[in-house]
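Peer 1: Pasting in a structure now, in structure tokens, and then I'll have a few things to ask.
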Amino acid sequence: MWAKVNAASVQQENAVNIMQIDMLQLGVLQTQLDNVSMQATLIIGFALGMWAGETLEPLFDDESARCVFKTGQHMVLAVFFFCSVAACISCCFIVVSLSSYVKQASQRAALLVSTGAAVAVTRQHIKVIYDYFVLAVLLFISSAALLIWLFVGLPDRIPFEGDPHGEVSELLTHLDNGKYFITCINTYSERANHERDTFSFYLACTNTIVLVGMGVWGYIKFRGVSRTYQARRLLDWYHSEKAENQQISMSLHRFGIGGVDVPHTQHGPLSPASSYRAYDSDQDSTGGADPKKYGGK
Numbered sequence: 001m002w003a004k005v006n007a008a009s010v011q012q013e014n015a016v017n018i019m020q021i022d023m024l025q026l027g028v029l030q031t032q033l034d035n036v037s038m039q040a041t042l043i044i045g046f047a048l049g050m051w052a053g054e055t056l057e058p059l060f061d062d063e064s065a066r067c068v069f070k071t072g073q074h075m076v077l078a079v080f081f082f083c084s085v086a087a088c089i090s091c092c093f094i095v096v097s098l099s100s101y102v103k104q105a106s107q108r109a110a111l112l113v114s115t116g117a118a119v120a121v122t123r124q125h126i127k128v129i130y131d132y133f134v135l136a137v138l139l140f141i142s143s144a145a146l147l148i149w150l151f152v153g154l155p156d157r158i159p160f161e162g163d164p165h166g167e168v169s170e171l172l173t174h175l176d177n178g179k180y181f182i183t184c185i186n187t188y189s190e191r192a193n194h195e196r197d198t199f200s201f202y203l204a205c206t207n208t209i210v211l212v213g214m215g216v217w218g219y220i221k222f223r224g225v226s227r228t229y230q231a232r233r234l235l236d237w238y239h240s241e242k243a244e245n246q247q248i249s250m251s252l253h254r255f256g257i258g259g260v261d262v263p264h265t266q267h268g269p270l271s272p273a274s275s276y277r278a279y280d281s282d283q284d285s286t287g288g289a290d291p292k293k294y295g296g297k
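Each residue of the sequence shown is one higher than the last, beginning at 1 in UniProt numbering.
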């Protein structure tokens, strides 16, 4: 009788220790989410600064030395610049949104369903969130490099083709070699004005497509992440891991603990809490949680 009571006490203590370890791991993961969310927010501010009036005004002034309507090179770099900024901002918003949701959902899942499952699922989502953050950083660096090329890497004036006399002469620069150069486009030319308006329209459409497309993709990812925190999904994962841990526990008892390496499952190497759970897989903070009670299906 005393042995059974003592065994039950040890199992209960093990379950409490497992839950404490899982909660510590969850706290570390949530700290990582806070850090990456803050850094993504800072990048959003810097990226929006590239779309500020101080940047856009010289690029779209058809009489400015920095305008993007001069040549095909200017237009191509402008398209890549604005698309990279739009994609960077979109990726950062995905990072911030997913980080905020994962932090709240993991806390709820740990308290109501299973600490071990909540930690494992959150760890998987953090990898995806960091992938989006790295992509946002790369896009931000690319947009900064493209902006430098637009301002100082490309020629300020281009050769003028046409009659240099008349009203257009005030837009031209006559060099000492007898050639005429123009700062941007010939604003007196109907064709040049039409090409400028057409390029601006397609550039706006392209950026709109990038923003809307990334927004739809972010919503799809959000829906996918939210489904992984449903009670039924978490309990299925928990029971699958519990079965694997029972097999590992039997192997440990059969061959001895000292000669066995760190256990691995189909989800990867076991964490300290999961390794501890392998010795006592019959007890866990999950218990017999009913998924319907917590909103599961």
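The C-beta atom is built at its ideal place from N, Cα and C for all residues, glycine as well.
#1: Put Thr187 into one of helix, strand or coil per three-state DSSP.
#2: First and last residue of the alpha helix (DSSP H) that includes His74?
#3: If I'm right that Thr228 touches Val121 with Cβ under 8 angstroms, what's the distance once you round it to whole angstroms?
#4: Look at Ser37 and Ser84 and say whether their C-beta atoms are less than 8 angstroms apart.
#5: Here's a check: name, in chain order, each residue in its chain whose Cβ is nearer than 7 angstroms to the Cβ of Met23, leaving out the five neighbours to either side.
#6: Whose CA, out of Ala52, Ser90, Trp51, lies closest to the CA of Val137?
#7: In the DSSP output, which residue or residues are listed as bridge partners for Phe181?
#8: Considering only C-alpha positions, which residue in the set Met214, Arg157, Ser226 is nearest to residue 327?
#9: Since Ala87 and Leu139 should fall inside the 8 angstroms C-beta cutoff, what is the C-beta to C-beta distance between them, to a whole number of angstroms?
#10: Is any heavy atom of the ligand SAH found at a distance shorter than 7 angstroms from the C-beta of Ile89?
#11: Round the Cβ separation of Ala52 and Val68 to the nearest angstrom and send it over; I've been treating them as touching at under 8 angstroms.
#12: Which residue marks the beginning of the alpha helix (DSSP H) containing Leu146, and which one marks its end?
Peer 2: Quick answer:
#1: coil
#2: 72 to 112
#3: 5 angstroms
#4: no
#5: Ala110, Thr115
#6: Ser90
#7: Pro159, Thr173
#8: No statement about residue 327 is possible, as the shown extent of the chain runs from 1 to 297 and does not include it.
#9: 5 angstroms
#10: Looking for the ligand SAH in the displayed structure turns up nothing, as the structure carries no ligands at all.
#11: Wrong, their Cβ atoms sit about 16 angstroms apart, outside the cutoff.
#12: 115 to 148
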